[in-house]
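Novice:
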Amino acid sequence: MKRILSRVAAITLSLGALSAGGVALAEAPTPQYGGVLSAILNPEPPNLNVALQQVAVTQLVAGKVYESLLTYSFDLKPQPSLAKSWEVSPDQLTYTFHLQPNVSWHDGKPFSADDVVFTYTKVLANTPRTRTLMANVESVTAPDPQTVVFRLKQPYSAFLHAFDIGGGAILPKHLYDVDTPITQNPHNNAPVGTGPFKFKHWERGSYIELVKNPAYWKEGRPYLDGITYRVIPDAASRRLALEQGTVQQAWLQDIEPIDQQRLAKLPHIGETKKGYEYWSTMSWIELNGGREPFSDKRFRQALMYGLNRDFIAEKIMYGTGTVATGPIHHNTRFYDANVKRYPYDPEKAIALLDEMGLKPDKDGVRARVGLIPLPYGEMSRRTAEYIKQNLGKIGVQVTIENADVGGWTSRVGNWDYDMAGNGVFQYGDPAIGVARTYLGSNIKQGMMFSNTSRYNNPKVDELFNAAAQAPTEEERQKLYTEVQQILVEDVPLLWIADTNYSVFHNKRLHNVVTTGLGVVDTQSDAWLSKE
Numbered sequence: 081m082k083r084i085l086s087r088v089a090a091i092t093l094s095l096g097a098l099s100a101g102g103v104a105l106a107e108a109p110t111p112q113y114g115g116v117l118s119a120i121l122n123p124e125p126p127n128l129n130v131a132l133q134q135v136a137v138t139q140l141v142a143g144k145v146y147e148s149l150l151t152y153s154f155d156l157k158p159q160p161s162l163a164k165s166w167e168v169s170p171d172q173l174t175y176t177f178h179l180q181p182n183v184s185w186h187d188g189k190p191f192s193a194d195d196v197v198f199t200y201t202k203v204l205a206n207t208p209r210t211r212t213l214m215a216n217v218e219s220v221t222a223p224d225p226q227t228v229v230f231r232l233k234q235p236y237s238a239f240l241h242a243f244d245i246g247g248g249a250i251l252p253k254h255l256y257d258v259d260t261p262i263t264q265n266p267h268n269n270a271p272v273g274t275g276p277f278k279f280k281h282w283e284r285g286s287y288i289e290l291v292k293n294p295a296y297w298k299e300g301r302p303y304l305d306g307i308t309y310r311v312i313p314d315a316a317s318r319r320l321a322l323e324q325g326t327v328q329q330a331w332l333q334d335i336e337p338i339d340q341q342r343l344a345k346l347p348h349i350g351e352t353k354k355g356y357e358y359w360s361t362m363s364w365i366e367l368n369g370g371r372e373p374f375s376d377k378r379f380r381q382a383l384m385y386g387l388n389r390d391f392i393a394e395k396i397m398y399g400t401g402t403v404a405t406g407p408i409h410h411n412t413r414f415y416d417a418n419v420k421r422y423p424y425d426p427e428k429a430i431a432l433l434d435e436m437g438l439k440p441d442k443d444g445v446r447a448r449v450g451l452i453p454l455p456y457g458e459m460s461r462r463t464a465e466y467i468k469q470n471l472g473k474i475g476v477q478v479t480i481e482n483a484d485v486g487g488w489t490s491r492v493g494n495w496d497y498d499m500a501g502n503g504v505f506q507y508g509d510p511a512i513g514v515a516r517t518y519l520g521s522n523i524k525q526g527m528m529f530s531n532t533s534r535y536n537n538p539k540v541d542e543l544f545n546a547a548a549q550a551p552t553e554e555e556r557q558k559l560y561t562e563v564q565q566i567l568v569e570d571v572p573l574l575w576i577a578d579t580n581y582s583v584f585h586n587k588r589l590h591n592v593v594t595t596g597l598g599v600v601d602t603q604s605d606a607w608l609s610k611e
C-alpha cells in the first residue's frame, strides 16, 4: 500500500522532553521509583468509565487506568500510545494502526485489536464525541491481533486528532461484550484497563486509590507506586492541602483564582500553564432552545448584551479567562475574531426584549428562568450569582438551581433545564470538539456534551461537515470563519470565556505534565523526589 505518511516509529518521552516547569529533564535529577502521588479530586465523578462519562474528573482518574491509541504533543502532533505506529493511504480513506506488543489488561488477559474494534463499533460509536467521528467511518476491522484498520466513507481532516483518552479510551471486550447493559456494568466503577495504574478502591466521598501496574507495557514505567485522588469539596481546604503538602497536585478550578498568585509564590509550589493545549476549555451558559423564550434569537441576543462578561473574566476569574468572541477558543485552530460582538449593553438588551413583547410586570420582571451552575467549585457559583444580578437588571429573573455532577449531567443531557453552566473541551480541532455542540444531527436526548441546546441550522451543519472534509487548511479556515459568523449571530448559547488554567504542584513532584493532555494523560513518567 502506498503511503503518504511513512510508518511512525514509537516515540518515548526521553530525557530531552520538557518537564512541567519547562526545564529539560536532562537538567533535572534522575527519576526515582516509589512514593504515592496525592492529588485533588473535585468534584467526585459519577463513574470511572470515560467512554460513558466524559466530565473532566472522570477523565482525570480514568486517564491513568485506560489508554487510547494516541496521545498528543504540546504542539498537538499525534504521538504513540496503544498504537506504536500508523499509516495513511494516499486517498486519506484508510488508516492502519499497528499496536504495541505484549500489552495486557489489568486482569491479565491479553489486549488485542479485537478490543479496539469492539470499543469503536459497539461503544464509542454511540458517545457524544466519537459518534461524530464514526459517522465518517465505513468500517473498523482487525486483519490480525496487532493491527486495526479504519476505512472512511470520505476524507476527514481531523481524524488523527480524535484518538485521545476522552474520545478514544479502549475498553476490554471480554468484560463489556456481555448481556449486562453497558451503563450497568460493574466495571464502570471498578475499571480494568491497560494503563500504568490499576484501580484498587473507591471510598465514596473520600478518595479513589490507584496502584502501580507492575506489568505495564512501557518498560521501566511507572515510577510512582500509586496515585490517590482525594475528594476535597471546600476551596479553602484544597488550597491548604496543597500548601501543607497533604496533596501534591491541583488542576482546572481546584484552586480558586483569588488564591493562585499567592500560592504560586510559595517556594515549594510549582505552576505551569502547559498541558491544556489539547483541551482549550471554554466556559459558557447552555440555553435550552427547545423552550420559550429561548427559542427566539432576540431573547438569546438580549442575554448576551445583558451580561458583563468583562467583569466575569477580570473580577471573578482573575485573569484565568479571556472574554470569548464565539464558539471557537482563541487557542484552537481556525479561530477567527472577525465576528459580531456583544459588549455589555443593558439598554440594547431591553430594546430586544421590548421588541419581543416581553414587557415588565408589576415587579419589573419580563421573564423567569432557572440556572444550574457548573458544579465545579466556588468560582462557578459566584459566576452564577453575578449572572443572576446582571440579568435581573434587564428584567430576567433568575432562580439558581443547584445540582451535583450526576444531577447536572442528567438534567442538561435530558433537556430538563432553562440555562446551565458548562465548561467544554475543544480537543484540538473544531471538527472534534466544537461541531458536536451545534450539529443538528447531534441532538440526542440523554447524551451530555452533545447538542444539548437543541440548536438546528442546516447551513451550519453543511459548513461543519464540509470543513471536516476539506483537504487544505485554507479551505477549512474559510468554512470555519463562515460558521463562526453565523453562530455568533444566532447565539445558541452564551459564550462567557476562553479559559486559561494552571496546574499547581509540589516541587517534589516531577514530570507532572509531559504532553498536551496534561495531567489527564497517563503520568507514567511522573515521579516524587524524597523529602
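The sequence shown runs 81 to 611 under the numbering used here. Where is the CB? At the ideal position from N, CA and C, for every residue including glycine. Only a predicted model underlies this, so the values are computations on that prediction, with no experimental measurement involved.
(1) Within this structure, are the beta carbons of Ala238 and Ser148 separated by less than 9 Å?
(2) In whole angstroms, give me the CA-to-CA distance for Ala315 and Leu121.
(3) Buried or exposed: which applies to Val445, given that a residue is buried once 16 or more other Cβ atoms fall within 10 Å of its Cβ?
(4) Under the rule that 16 or more other beta-carbon atoms within 10 Å means buried, what is Val258, buried or exposed?
(5) Would you list the residues sitting across from Tyr200 in a DSSP beta bridge?
(6) For Val592, tell me which candidate among Gln328, Gly275, Ala193, Ala483 has the shortest Cα-Cα distance.
(7) Quick one: Cα of Val135 to Cα of Lys558, how far?
(8) So Gly115 and Leu304 are supposed to be a Cβ contact under 8 Å. How far apart are they, rounded?
(9) Let me check understanding here. Comparing Cα to Cα, which of Phe230, Ile566, Pro225 lies closest to Tyr200?
(10) Along the chain, which unbroken stretches of the beta strand (DSSP E) at least 3 residues long are found entirely within the segment 426-485?
(11) Find the nearest neighbour of Ala650 within the set Ile408, Ile392, Val583, judged by alpha-carbon distance.
(12) Can you tell me whether DSSP reads Pro347 as helix, strand or coil?
(13) If you run the structure through DSSP and keep just helix, strand and coil, what is Val229?
(14) Between which two residues does the beta strand (DSSP E) containing Leu574 stretch?
(15) If you compare alpha carbons, which of Tyr415, Thr532, Thr594, Leu471 is closest to Tyr497?
(16) Specify, as a first and last residue, the run of the alpha helix (DSSP H) that Glu323 falls within.
(17) Under 8 Å by Cβ, that's how I've got Val349 and Leu332 pegged, so tell me the actual separation to the nearest angstrom.
(18) Only counting the same chain, and skipping five residues up and downstream in sequence, which positions put a Cβ closer than 6 Å to that of Ile430?
(19) For the segment 214-227 against the segment 191-206, do three or more pairs of beta-carbon atoms, one drawn from each stretch, fall closer than 8 Å, so that the two count as touching?
(20) Using a threshold of 9 Å, state whether the C-beta atoms of Tyr424 and Leu387 are closer than that.
(21) Go ahead and label Tyr152 buried or exposed: buried means 16 or more other beta carbons lie within 10 angstroms of its beta carbon, across all protein chains shown.
(22) Given a cut-off of 9 Å on the beta-carbon distance, is the pair Gly437 and Leu567 in contact?
(23) Are the CB atoms of Lys354 and Phe154 within a distance shorter than 9 Å?
(24) Return the chain-ordered list of same chain residues with a C-beta closer than 8 Å to the C-beta of Leu543, the five sequence neighbours on each side being excluded.
(25) Excluding the 5 residues preceding and the 5 following Tyr358 in the sequence, name in chain order all residues of the same chain whose CB lies nearer than 7 Å to its CB.
(26) Look at the Cβ atom of Asp240, then the Cβ atom of Glu218, and state whether they are nearer than 9 Å.
(27) If you follow the beta strand (DSSP E) that Gln506 is part of, which residue opens it and which one closes it?
(28) Taking Arg301 as the reference, give the member of Glu283, Pro426, Thr274 with the closest Cα.
(29) Note down, in chain order, each residue of its chain lying with its Cβ closer than 7 Å to the Cβ of Tyr113, except the 5 sequence neighbours on either side.
(30) Mind checking which residues open and close the alpha helix (DSSP H) that includes Asp224?
Specialist: Short version:
(1) One-based indexing of the sequence shown puts residue 238 at position 158. One-based indexing of the sequence shown puts residue 148 at position 68. No; because the gap between Cβ atoms is not below 9 Å, this pair is not in contact.
(2) As a first step, residue 315 must be located in the sequence shown, where it is residue number 235. As a first step, residue 121 must be located in the sequence shown, where it is residue number 41. The alpha-carbon atoms of Ala315 and Leu121 are separated by roughly 11 Å.
(3) Here residue 445 corresponds to residue number 365 of the sequence shown, with the count starting at 1. With fewer than 16 other Cβ atoms within 10 Å, it is exposed.
(4) Position 178 of the sequence shown, counting from 1, holds the residue named residue 258. Per the 10 Å Cβ criterion, exposed.
(5) As a position in the sequence shown, residue 200 is number 120, starting the count at 1. According to DSSP, Tyr200 bridges with nothing at all.
(6) For the purposes of this step, residue 592 is identified with residue 512 of the sequence shown, where counting begins at 1. It is Gln328 whose Cα lies nearest to the Cα of Val592.
(7) Residue mapping note: residue 135 aligns to position 55 of the sequence shown, counting from 1. Residue mapping note: residue 558 aligns to position 478 of the sequence shown, counting from 1. Cα-Cα distance, rounded: 32 Å.
(8) Walking along the sequence shown from the start, residue 115 turns up at place 35. Walking along the sequence shown from the start, residue 304 turns up at place 224. About 6 Å; that satisfies the 8 Å criterion.
(9) Residue numbering aside, residue 200 sits at position 120 when the sequence shown is read from its first letter. When each option's Cα is compared against that of Tyr200, the closest is Phe230.
(10) List check, beta strand (DSSP E) in window: 447-452, 476-480.
(11) In the structure as shown, the chain starts at 81 and stops at 611, and residue 650 therefore has no counterpart that could be examined.
(12) Here residue 347 corresponds to residue number 267 of the sequence shown, with the count starting at 1. Note: Pro347 maps to coil in three-state DSSP.
(13) Within the sequence shown, residue 229 is the residue found at index 149, counting from 1. Val229: strand per DSSP, three-state reduction.
(14) For the purposes of this step, residue 574 is identified with residue 494 of the sequence shown, where counting begins at 1. Segment 574-579, the beta strand (DSSP E) holding Leu574.
(15) As a first step, residue 497 must be located in the sequence shown, where it is residue number 417. Nearest option by C-alpha distance: Thr532.
(16) Working through the sequence shown from its first residue, we reach residue 323 at position 243. Its alpha helix (DSSP H) spans residues 315-324.
(17) Reading the sequence shown from its first residue, position 269 is the one you call residue 349. Reading the sequence shown from its first residue, position 252 is the one you call residue 332. With the sequence shown as reference, residue 349 is identified as Ile, and Val is not the correct amino acid for it. The Cβ separation is near 17 Å, so there is no contact.
(18) To locate residue 430, count along the sequence shown from 1; it is residue 350. Ile474, listed in sequence order.
(19) yes
(20) Taking the first residue of the sequence shown as position 1, residue 424 is located at position 344. Taking the first residue of the sequence shown as position 1, residue 387 is located at position 307. Yes, the Cβ-Cβ distance between Tyr424 and Leu387 is below 9 Å.
(21) Within the sequence shown, numbered from 1, the residue matching residue 152 stands at position 72. So Tyr152 counts as buried.
(22) As a working note, residue 437 is residue 357 in the sequence shown. As a working note, residue 567 is residue 487 in the sequence shown. Contact flag unset, no.
(23) For the purposes of this step, residue 154 is taken as the residue at position 74 of the sequence shown. For the purposes of this step, residue 354 is taken as the residue at position 274 of the sequence shown. Cβ distance < 9 Å, so Phe154 and Lys354 count as in contact.
(24) As a first step, residue 543 is located in the sequence shown; it is residue number 463 there, counting from the start. Answer for Leu543: Leu559, Tyr560, Glu562, Val563, Ile566, listed in chain order.
(25) Counting from one through the sequence shown, the residue named residue 358 turns up at place 278. Same-chain partners within the cutoff: Tyr152, Leu156, Asp244, Tyr507, Gly508, Gly596, Leu597.
(26) Taking the sequence shown and counting its residues from 1, one reaches residue 240 at position 160. Taking the sequence shown and counting its residues from 1, one reaches residue 218 at position 138. Reading the sequence as shown, one finds Leu at residue 240 and not Asp. Result no, Cβ atoms of Leu240 and Glu218 do not sit closer than 9 Å.
(27) Reading the sequence shown from its first residue, position 426 is the one you call residue 506. Here Gln506 belongs to no beta strand (DSSP E), and DSSP marks it neither H nor E.
(28) Within the sequence shown, residue 301 is the residue found at index 221, counting from 1. Checked all of Glu283, Pro426, Thr274; the closest Cα to Arg301 is Thr274.
(29) The residue labelled residue 113 in the question sits at position 33 within the sequence shown. For Tyr113, where only same-chain residues beyond five positions count, the Cβ hits under 7 Å are Tyr303.
(30) In the sequence shown, the residue the question calls residue 224 occupies position 144. Not the alpha helix (DSSP H): Asp224 falls in the beta strand (DSSP E), residues 217-224.
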